[in-house]
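FYI, the numbering for the sequence shown is 412 to 580, going by my numbering.
Single-structure report; data block below.
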Amino acid sequence: MEIKVAKTAGFCFGVNRAVELTYGLLAEGRRVATLGPLIHNPQAVADMQRRGALVADTVEDIPAGYEVVIRSHGVPCSVYDALAARGVRYHDATCPFVQKIQRIAEQAEKENAVLLVAGDKTHPEVQGIVGHTRGEVFVFADLDELRAWKGPSDPQKPLFAVAQTTFQV
Numbered sequence: 412m413e414i415k416v417a418k419t420a421g422f423c424f425g426v427n428r429a430v431e432l433t434y435g436l437l438a439e440g441r442r443v444a445t446l447g448p449l450i451h452n453p454q455a456v457a458d459m460q461r462r463g464a465l466v467a468d469t470v471e472d473i474p475a476g477y478e479v480v481i482r483s484h485g486v487p488c489s490v491y492d493a494l495a496a497r498g499v500r501y502h503d504a505t506c507p508f509v510q511k512i513q514r515i516a517e518q519a520e521k522e523n524a525v526l527l528v529a530g531d532k533t534h535p536e537v538q539g540i541v542g543h544t545r546g547e548v549f550v551f552a553d554l555d556e557l558r559a560w561k562g563p564s565d566p567q568k569p570l571f572a573v574a575q576t577t578f579q580v
């Protein structure tokens, strides 16, 4: 029996970018940490750890002398601030599609709009998106949650809507 692998099998390009960046830094002998697992693939994360990568839960967990790879999910603005405050060098591997959504979140704040986010509020990507605005935000995972929403604090506020890139509605 012949098994064919689809040409599109494997990581999405954003994750692939982050993985290649991390392996490249490790191959150069750099001390690399990721904030959380780089990807949702335990085997790949374990392989990176065998090669010397450290998975840190918080910025405070990063040892001195380590460089950080920000995973493709992105992070809230507060993480960039914390890295800068500690003088930690970082490589931003946030997926360009996620960065676009983060810019929309920032624009919503500038325009005093309410940001609606379709996604899983516990997912790192959604936490990163929400962390790119200090404005009013409502995250919903399904139509029932959206219907239960009472609406914006000011009904005159415009609404911006975005979705987690890996979210299925």
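Built from N, CA and C at the ideal position, the CB exists for glycine as well.
Comparing C-alpha distances from residue 515 to each of 473, 544, 554 shows the shortest one belongs to 544.
For residue 458, the enclosing alpha helix (DSSP H) starts and ends at 453-461. Only residues of its own chain outside the window of five on either side were considered, and among them 539 have a CB closer than 6 angstroms to the CB of residue 486, listed in chain order. DSSP places residue 571 inside the beta strand (DSSP E), whose first and last residues are 570-574. In the DSSP secondary-structure assignment, residue 526 is bridged to 548, 571.
Judged by DSSP secondary structure, residue 438 falls outside any beta strand (DSSP E) and instead within the alpha helix (DSSP H) spanning 424-438. For residue 501, the enclosing beta strand (DSSP E) starts and ends at 501-503.
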